[in-house]
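In my numbering, the protein residues as written are 1304 to 1490.
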């Protein structure tokens, strides 16, 4: 296999693909008449999505393709990310990422990842958290602990996948490169 190596990766562990697994930012529960699907971001969620956008840009975490749930709060999270990315990422809005919110997203990643190197999924819990836990077998102790403790709204797992294709993605083979919580981005 011809693996790519990150120059700044101290482990030198080979990987081919990178998954950016983002839970939507904090949503608004104020209007009880709204269906869950139609809940917007609240002010805190809007601000944390903007901070995450700046973080992605600063860290050079540019997705080639984005799979995003069609729920309003995920689309609003996506809208806050796109202006900072300065790249032409292919965006696929998928109702299945909302409907399958109680399952993990691995089948969608395998079938829709295509031939891109960096894939972002913007989704919901528990599926976002379950996907990360299902894929990851190693990482920094503090990141693994935080991931297992809680996957808060607006959190991002950067997962390195040692596979040549998304179709070949296998559970318990990936490395959690970092786990970024919105509160850590507050200034």
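Where is the CB? At the ideal position from N, CA and C, for every residue including glycine.
Mapping DSSP to helix, strand and coil, what is residue 1348?
The residue you call residue 1348 lines up with position 45 of the chain shown. Helix at residue 1348.
Report yes or no: do three or more beta-carbon pairs, one from the stretch 1429 to 1445 and one from the stretch 1335 to 1344, lie closer than 8 Å?
Taking a contact to require three or more Cβ pairs closer than 8 Å, the stretch 1429 to 1445 and the stretch 1335 to 1344 do not qualify as touching.
Pairwise C-alpha distance: residue 1451 and residue 1387:
Counted from its first residue, the chain shown places residue 1387 at position 84. Counted from its first residue, the chain shown places residue 1451 at position 148. Rounded to whole angstroms, residue 1387 to residue 1451 spans 29 Å at the Cα level.
Quick check on residue 1471: does DSSP put it in helix, strand or coil?
Start at 1 with the first residue of the chain shown, and residue 1471 comes out as number 168. When secondary structure is reduced to three states using DSSP, residue 1471 falls in the helix class.
Can you pull the DSSP bridge partners for residue 1322?
On the chain shown, residue 1322 is found 19 positions in, with the first residue counted as 1. 1422, 1462, per the DSSP bridge assignment.
I need the boundaries of the beta strand (DSSP E) containing residue 1481, first residue and last residue.
Residue 1481 sits at position 178 when you count from the first residue of the chain shown. Residues 1477 to 1483.
Using 7 Å as the threshold, is the C-beta distance between residue 1359 and residue 1371 below it?
Here residue 1359 refers to the residue found at position 56 of the chain shown. Here residue 1371 refers to the residue found at position 68 of the chain shown. Going by C-beta atoms, residue 1359 is not nearer than 7 Å to residue 1371.
Do you know offhand how far residue 1325's Cα is from residue 1423's?
In the chain shown, the residue the question calls residue 1325 occupies position 22. In the chain shown, the residue the question calls residue 1423 occupies position 120. Going by the C-alpha atoms only, they are around 7 Å apart.
Beta carbon of residue 1248 nearer than 7 Å to that of residue 1375:
Because residue 1248 is not part of the residues shown, which for the chain are 1304 to 1490, the question remains open.
Classification of residue 1479 by the beta-carbon crowding that lies within 10 angstroms, buried from 16 upward
Against the chain shown, residue 1479 aligns to sequence position 176. Classification of residue 1479: buried, given that the 10 Å Cβ count is 16 or more.
Which listed residue (1383, 1411, 1331, 1403) has its alpha carbon closest to that of residue 1395:
Sequence index remark: in the chain shown, residue 1395 carries index 92 (1-based). Among 1383, 1411, 1331, 1403, the Cα nearest to that of residue 1395 is on 1411.
Own chain, CB closer than 7 Å to residue 1364, minus 5 neighbours either side, in chain order:
Mapped onto the chain shown, residue 1364 falls at position 61. Only 1323, 1461 meet the Cβ criterion.
Close Cβ partners of residue 1420 (< 7 Å) along its chain, the five nearest in sequence each way excluded:
Position 117 of the chain shown, counted from the first residue, corresponds to residue 1420. Result list for residue 1420: 1320, 1321, 1367, in chain order.
Does at least one heavy atom of the ligand NAP sit under 6 Å from the Cβ of residue 1429?
You won't find the ligand NAP in this model; it holds no ligand whatsoever.
In three-state DSSP terms, what is residue 1330?
The sequence position of residue 1330 within the chain shown is 27, counting from 1. Correct three-state label for residue 1330: strand.
To the nearest angstrom, how far is it from the Cα of residue 1441 to the Cα of residue 1351?
In the chain shown, residue 1441 corresponds to position 138, counting from 1. In the chain shown, residue 1351 corresponds to position 48, counting from 1. Looking at the two C-alpha atoms, the distance is approximately 27 Å.
Near residue 1468, which residues of its chain fall below 7 Å by C-beta distance, leaving aside the five closest residues on each side in sequence?
Sequence index remark: in the chain shown, residue 1468 carries index 165 (1-based). No residues qualify anywhere along the chain.
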